[in-house]
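Undergrad: Sharing a structure below in structure tokens format, with a few things to ask.
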Amino acid sequence: MNLLADLTDAQAEAVSHVDGPLLVVAGPGSGKTRVITRRVAYLVDVAAVAPRNILAITFTNKAAAEMRGRIEQLIDPDAGRAFCSTFHSFCATFLRRFIDRIGFGRDFVIFDRSDSLACIKEAMDELRIDAQQWRPAAFGAAIAAWKDRFVDPDEAERESAGDYFASRAAKVYAYYLELLRQRNGLDFDDLLVHMVRILKDHDEVRETLQYRFQYILIDEYQDTNHAQYLLARYLTGVGSDDRSLPSGLANICVTGDPDQSIYGWRGADIGNILRFEEDFPSARVVKLEQNYRSTKLILAAADGLIRHNRDRKEKDLFTDNVQGRAVEVCLFEDEYTEARAMASRAADLVAMGTLPSEIAIFYRVNALSRPIEQALWEQRLPYVVVGALEFYARREIKDILGYLRVLANPRDDGSVVRVINTPTRGIGKVTVERLRGAARERGVSLLEVLDDLSDLKIPKTARASLGRFRGMLEELRARKGGPVADLVARVIQATDYEAYLEKCYPEQEEHEDRIGNVRQLVAAARHYDDQGAELGGDESPGDGSGPDAPSVVRGGFAGFLDYTSLLSEQDALEDGTEKVSLMTLHTAKGLEFDHVLIAGIEDGTLPHSRSKDTDSGLEEERRLLFVGMTRARKGLCLTYARWRTRYRETERRIPSPFLAELPDEAIKRLGAAARVASAGAAARAGWGGRRAIPARDELDQRSEVDDDESFAFGANSGGAADAAESAKPDPEPADDDGGGLDVPKPGERVYHQLFGAGIVKEISGRGAAQRVVVVFDTHGVKKLVLQYAKLARSRR
DNA sequence: GGCATTTTCTTTTTT
DNA sequence: AGAAAATGCC
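Each residue of the first sequence is one higher than the last, beginning at 3 in our numbering.
Here it is in structure tokens:
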């Protein structure tokens, strides 16, 4: 196939670029993913690059898997595979091979945020720092910032002289590093930082990887941090963080959009993309400004917003797509009316043929999801909250994984403490403290103390329990080589964990739920056994890594542990299930949906009060809204409320200043928002304007100007008339709308809640995607998804 | 050492 | 409001 045939000039230029640095500045919906995958195929097919010499870095594992799949469709699978992964998975994979160079064991475990927070707390206790006075998370943030800048504790200490908090943090930092090293643990930052260190100091490793990865692609480059930037430079063979070195030959292609940089708060440096041309002086730059995703009005609204950022490279976004409907801006009384309106809007869309999976609801902070979930539940709409309570962060899952971690890495004292009395087996705080004391005295790990308890003061019963615990680990260890699923199942069985859950959670629903989670973990492990390589970084053992390729690299349960630790929020989003998606604006990055609803566009929420006081913070918040808005293909609605309950108090909310920045011609204010804004200038002044004449289009839309909740959400396909009716369902459907009709035939006469009577014209698709085309008497022809259409068989 | 009760804190955003 | 942690009692 001709890889350039159906591309625009700009896209083709990016795809056919082979050697030397390339920057693709890609606006939202500009076909970036397509360009990247095509370019990989082009490198292989036209430039004869072996796939295994290509490294593609994406932001999430899901994106990596998707890219892998798409590349495979374009190139001959026998040619080998490109290495697609996230920065973190990439590092985990190669650290399993090379980390012994810096004194860690290759059986290291990855500490997730709660693990590393626990270590920080331990350090604080040890240093007698009051956890009431400073939150461990505050120290965590300071430590992460130091790590990203490669500042060691000594320097940190020097840097923070005079600053009481910072100097305490530097102390904690030193102790924390010590703990990690003792326990052979790496936190998320360490994965990057240690990999960079090795690349920098160990020529043979750097050369191995440079030789292996001759072409490097990095997506979402605007969100890379300093460590990731250095990693990229070392891999491309530039070989130093000295920006003055020649770098014209680096085969590095980065794609991104400065306007979508939203991770500054965790160290991402938008400067990486802005300075790319300086870093790689001979870089070619391609701009993709045509949008293929959104309607003209959605794009106009988003573009109008982002133009308010001052620190920005100008871009001219445009689209040949249809005009579409105006972006709706809706005000509600409180979060409950807001949530109910969103849910009923979603229900209307579904009733009119939109698949639930094509609807998404975004918000700035997770806490806003609750009332929305409630409302969706009341509407009987299936939904999924992406990333809220991460599966692998649940207590029961962490307990079981704790055993695995102890087996993988006997020095992981944190996990030992976690599991030593879980389920309870009579080993209490005092005994654990004794063990700890002994471990410190002897300078060994907790598990090693277990081997020799003779001179410890421990009550007989506890001593016996410790013996049994040790015996159990012994028995489990014997199964290390087998399938991960068997091992997980054995842990559950040996600990009688399900019975323990029943005891802990007397409420039937809850313990059944948690038992279900535990069983799901076994299923996940089984899945991993079957295709572990697909899930992880896909570096199978013995693929040229030399005769000493350790078997722990992949396929073992260490690989399973890495996989569970490095999942991203988006990875939980499975395709193919028909559910409305709820997620934070950050999680929404890189996704797209037909219809997007964004809640809580209020001052202090978006922009968030913690970010709005600096220019850069405020601009990042604006970009965040820009990212959210540009996820929408056909319909976009922004909502806000007058009152919102936080903690326990209901407080008055002020509209986000961003709302006033949206171009009038692209938006339509509905409900109370129209009244508030009707004087135009009043909108800009916030609440200043006296309530005035309802806007005309609002009256046109609805027969009765009522309160907020009934605001007229029309479907994308229909006209204004649809919307008017959606507020008031017909009180007399022919049949109960229990679950709708599941087997209509062409010619059959049916009744629809919103559209009234009609005749089925044709049926297409099968299963959940089955659609019917109905010719309605009064509403014309509509294509509906049968499962959700609430069609009833008409009486005649 | 285990369990129930009280107190405190939560709300940025996440690999 | 609801969870997690700290306290206190058996």
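The C-beta atom is built at its ideal place from N, Cα and C for all residues, glycine as well.
Exposed or buried, what is Y166 when buried is set at 16 or more other beta-carbons lying within 10 Å of its beta-carbon?
TA: Its Cβ having fewer than 16 others within 10 Å, Y166 is exposed.
Undergrad: Spatial neighbours of P358 within its chain, please: C-beta separation below 8 angstroms, excluding the five flanking residues on both sides.
TA: So the list reads A348, V352, L383, P384, Y385, E580, K581, V582 and Y790, once near-sequence residues are dropped.
Undergrad: DSSP three-state call for Y649: helix, strand or coil?
TA: Three-state result, Y649: coil.
Undergrad: Return the CA-CA distance between D488 and L478, expressed in angstroms with no decimal places.
TA: Cα to Cα, the separation comes out at about 10 angstroms.
Undergrad: Using DSSP with H/G/I as helix, E/B as strand and the rest coil, what is M126?
TA: Reduced to three states, the DSSP call for M126 is helix.
Undergrad: Going by C-alpha distance, which of F152, R115, L599 and K173 is nearest E392?
TA: Ranking the options by Cα distance to E392, first place goes to R115.
Undergrad: Which ranges does the beta strand (DSSP E) cover as unbroken runs of at least 3 residues, wholly within the region 605 to 672, from first to last along the chain?
TA: Whole beta strand (DSSP E) segments, 3+ residues: 634 to 648 and 651 to 654.
Undergrad: To which residues does DSSP link F85 through a beta bridge?
TA: DSSP output for F85 lists L57 as bridge partner(s).
Undergrad: Specify the secondary structure class of T95 as computed by DSSP and reduced to three states.
TA: Reduced to three states, the DSSP call for T95 is helix.
Undergrad: Does the region 293 to 306 come close enough to the region 314 to 326 to have 3 or more Cβ pairs within less than 8 angstroms?
TA: Judged by Cβ distances under 8 angstroms, the region 293 to 306 makes contact with the region 314 to 326, as three or more pairs qualify.
Undergrad: Terminal residues of the continuous alpha helix (DSSP H) containing R492?
TA: From DSSP, the alpha helix (DSSP H) with R492 extends over V486 to A496.
Undergrad: Could you check the C-alpha separation between A147 and E159 for me, to the nearest Å?
TA: If I take the Cα positions, the gap works out to 14 angstroms.
Undergrad: Can R436 and L458 be called in contact, C-beta distance under 9 angstroms?
TA: Closer than 9 angstroms, so yes.
Undergrad: In terms of DSSP beta bridges, what is M585 paired with?
TA: Answer is F364, bridged to M585.
Undergrad: For G796, collect the residues of the same chain with a Cβ closer than 6 angstroms to its Cβ; drop the 5 residues on either side in sequence, then sort them by chain order.
TA: Sequence check: residue 796 is Ser here, not Gly. For S796, where only same-chain residues beyond five positions count, the Cβ hits under 6 angstroms are A736, R751, V752, Y753 and A759.
Undergrad: From D617 to E375, what distance separates their C-alpha atoms?
TA: Taking the straight line joining both Cα atoms gives about 34 angstroms.
Undergrad: When you compare only the Cα positions, how much space is there between Q510 and Y502?
TA: Their backbone Cα atoms lie some 13 angstroms apart in a straight line.
Undergrad: Using DSSP with H/G/I as helix, E/B as strand and the rest coil, what is I422?
TA: Correct three-state label for I422: helix.
Undergrad: Using CA coordinates, which residue listed in T426, R516, L406 and R612 is at the minimum distance from A480?
TA: It is L406.
Undergrad: Have a look at R366 and G469 and give me their C-alpha separation to the nearest angstrom.
TA: Approximately 50 angstroms, taken between the alpha carbons.
Undergrad: Would you identify the three-state DSSP class for S467, choosing helix, strand or coil?
TA: S467: helix per DSSP, three-state reduction.
Undergrad: In terms of residue numbering, what span does the alpha helix (DSSP H) encompassing E504 cover?
TA: First-last of the alpha helix (DSSP H) with E504: Y499 to C506.
Undergrad: Rounded to whole angstroms, what's the CA-CA distance from R170 to A176? Just pull it up for me.
TA: Using only the alpha carbons, I get a separation of about 10 angstroms.
Undergrad: With a threshold of 8 angstroms on Cβ separation, who are the neighbours of P552 within its own chain once the five nearest residues in sequence on each side are excluded?
TA: Per-residue confidence for P552 stands at a pLDDT of 33, beneath the threshold of 50, marking its modelled position as unreliable; the derived number appears in the next sentence. Excluding positions up to five away in sequence, the list reads R98, R99, R108 and P543.
Undergrad: Say whether the region 122 to 141 touches the region 203 to 223, bearing in mind that this needs 3 or more beta-carbon pairs closer than 8 angstroms, one atom from each stretch.
TA: With a cut-off of 8 angstroms, the region 203 to 223 and the region 122 to 141 do not count as touching, because too few Cβ pairs lie within range.
Undergrad: Which of the three DSSP states, helix, strand or coil, is assigned to N4?
TA: Three-state DSSP puts N4 in coil, outside helix and strand.
Undergrad: Name the DSSP beta bridge partners of D336, please?
TA: Beta-bridge pairing links D336 to W645.
Undergrad: Quick check on Q134: buried or exposed, where buried means 16 or more other Cβ atoms within 10 Å of its Cβ?
TA: The residue is exposed, with fewer than 16 neighbouring Cβ atoms inside 10 Å.
Undergrad: For a quick check, are the C-beta atoms of E124 and G416 less than 9 angstroms apart?
TA: Yes, the pair counts as a contact, with Cβ atoms nearer than the cut-off.
Undergrad: Drop a sphere of 10 angstroms on the beta-carbon of K34, count the other beta-carbons inside from all chains shown, and report buried for 16 or more, exposed for fewer.
TA: Buried, because 16 or more other Cβ atoms sit within 10 Å of the Cβ of K34.
Undergrad: Could you work out which residue in N411, G518 and I308 is closest to E663 when comparing CA atoms only?
TA: The residue with the shortest Cα to Cα distance from E663 is I308.
Undergrad: Beta-carbon within less than 7 angstroms of P748's beta-carbon, same chain only, minus the 5 sequence neighbours each way: which residues are those?
TA: Contacts found: V762, K763, E764 and I765.
Undergrad: Tell me the residue span of the alpha helix (DSSP H) that contains K64.
TA: First-last of the alpha helix (DSSP H) with K64: N63 to L76.
Undergrad: Please state whether DSSP places N519 in a helix, a strand or coil.
TA: Residue state, collapsed to three classes: helix.
Undergrad: What separation, rounded to the nearest whole angstrom, lies between the Cα atoms of H19 and R41?
TA: Straight-line Cα distance between these residues: approximately 8 angstroms.
Undergrad: What does the Cβ neighbour count give for D313, buried or exposed, with the cut at 16 atoms within 10 Å?
TA: When all chains shown are included, D313 counts as exposed.
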